[in-house]
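Scroll down for the structure; my scribbles are underneath it.
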Amino acid sequence: MVLQEAGSSLEAMHGMLDCFWQRLGGGGVALDDLWRAQFTTAVAEIGTNILRHAYDNLPVVSIGLRLRLYADCVEARLIDRGRPYTPRPPAVPEIPDDIAALAEGGFGLTIACAAVDVLRYRRTTSGVNCWRLRKKLPRLIAPEGCLR
Amino acid sequence: MDITHRQHDDNVTLVDIVGRIDLFSAPEARRTLNDLINAGHTRLVINLAETSFIDSSGLGILISVLKAVRRVHGDLRIAAPNTQAQTVLELTTLDRVLRPYATVEKALASYQ
Numbered sequence: 000m001v002l003q004e005a006g007s008s009l010e011a012m013h014g015m016l017d018c019f020w021q022r023l024g025g026g027g028v029a030l031d032d033l034w035r036a037q038f039t040t041a042v043a044e045i046g047t048n049i050l051r052h053a054y055d056n057l058p059v060v061s062i063g064l065r066l067r068l069y070a071d072c073v074e075a076r077l078i079d080r081g082r083p084y085t086p087r088p089p090a091v092p093e094i095p096d097d098i099a100a101l102a103e104g105g106f107g108l109t110i111a112c113a114a115v116d117v118l119r120y121r122r123t124t125s126g127v128n129c130w131r132l133r134k135k136l137p138r139l140i141a142p143e144g145c146l147r
Numbered sequence: 000m001d002i003t004h005r006q007h008d009d010n011v012t013l014v015d016i017v018g019r020i021d022l023f024s025a026p027e028a029r030r031t032l033n034d035l036i037n038a039g040h041t042r043l044v045i046n047l048a049e050t051s052f053i054d055s056s057g058l059g060i061l062i063s064v065l066k067a068v069r070r071v072h073g074d075l076r077i078a079a080p081n082t083q084a085q086t087v088l089e090l091t092t093l094d095r096v097l098r099p100y101a102t103v104e105k106a107l108a109s110y111q
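The listed protein sequences correspond, in order, to chains E and Z.
Counting from 0, one number per residue, gives the positions in the first sequence under numbering that gives the first Met the number 0.
Counting from 0, one number per residue, gives the positions in the second sequence under numbering that gives the first Met the number 0.
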């Protein structure tokens, strides 16, 4: 199953994810709320990261999103032609004793990394940012033969 | 996203956030909540029961509000987060400082 949409904003991205979950449900692939929430959140955080860092918060940009169901996982690929991203290792925020010292940002990649099993970024030689996210399916959720 | 508020009693203000808190709606949420705090509403319950989605931008606002009310000896309670909001809080371990209450009633009662 492949859905594609280019020129999407966050609004379109959420719409596309909703549609994807509906189609999976219609095909007998029942994923619970927590699993879908984690994957949706990870994809949305990467979309936000693209808007923030590749396009300087412009409200409407061109982001390609492809969602695909595999036998053992769901994959999202996001592409854009914005500025290259300089990856930083995500870190779980430290909770200081003094609340005033608590960071108010920088959680996006931490959330995305923690919510999926694979998160990869690469910049192609033709100037395209490519993000790939994969999350393993819970076992025995799909009727036999549904995924093949 | 819509934000409304109502006075629960002399001390506590209940804020309802309906819809999605993301990169684009977060600035409005920040302005509205800052205005409330500046107007003296410093003991807040933010009701997320009708908040369909919250991302790291929204999380940043909740932390900002928590810090602002604590500076003036107030406090913030988070009420009724859905599975997605709960997930975001837990993945960042921020549920340790933004401890969610299952219902608005429990969050309000915690101020008693």
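All C-beta atoms in this analysis are idealised placements derived from N, C-alpha and C, irrespective of residue type, glycine included.
Where residue i meets chain B, residues with beta-carbon distance less than 7 Å
i, result
"Z:Ile20", "Annotation note: the requested chain B is absent from the structure, which comprises protein chains E and Z."
As assigned by DSSP and simplified to three states, the class of residue i
i, result
"E:Ile94", "coil"
"E:Pro137", "coil"
"E:Gln37", "helix"
"E:Asp105", "Before going on, a small fix: residue 105 of chain E reads as Gly here, not Asp. In this structure, E:Gly105 counts as coil in the three-state DSSP scheme."
"E:Leu50", "helix"
"Z:Leu107", "helix"
"E:Val115", "coil"
"E:Asp32", "helix"
"E:Ser61", "coil"
"Z:Asp8", "coil"
"Z:Leu47", "coil"
"E:Leu68", "strand"
"Z:Asp1", "strand"
Bounding residues of the alpha helix (DSSP H) (the contiguous stretch that carries residue i)
i, result
"E:Asp17", "9-25"
"Z:His82", "Checking the displayed sequence, the identity of residue 82 of chain Z turns out to be Thr instead of His. 82-90 is the extent of the alpha helix (DSSP H) around Z:Thr82."
"Z:Asp34", "25-37"
"Z:Ile62", "55-70"
Delimiting residues of the beta strand (DSSP E) encompassing residue i
i, result
"E:Val73", "72-79"
"E:Val127", "Premise fails: E:Val127 is in no beta strand (DSSP E) and is neither H nor E."
"Z:Thr12", "12-20"
"Z:Leu75", "74-78"
"E:Arg87", "It is not in any beta strand (DSSP E) - E:Arg87 carries neither H nor E in the DSSP assignment."
CB contact flag (residue i, residue j, <9 Å)
i, j, result
"Z:Leu47", "Z:Val64", "no"
"E:Ala102", "E:Ala41", "no"
"E:Leu108", "E:Arg87", "yes"
"E:Pro83", "E:Asn128", "yes"
"Z:Ile36", "Z:Ala28", "no"
"Z:Ile77", "Z:Arg98", "yes"
Residues in the segment 38-56 of chain E with C-beta within 8 Å of chain Z's C-beta atoms, listed in sequence order? So the list reads Thr39, Thr40, Ala43, Glu44, Thr47, Leu50, Arg51, Asn56, given in the order they occur along the chain.
Against chain Z, which members of the segment 16-39 of chain E pass a CB distance test of less than 8 Å? Asp32, Leu33, Ala36, Gln37, Thr39
Using a Cβ-Cβ cut-off of less than 8 Å, give me the residues of the segment 76-98 of chain E that come near chain Z, in sequence order. Val91, Pro92, Ile94, Ile98
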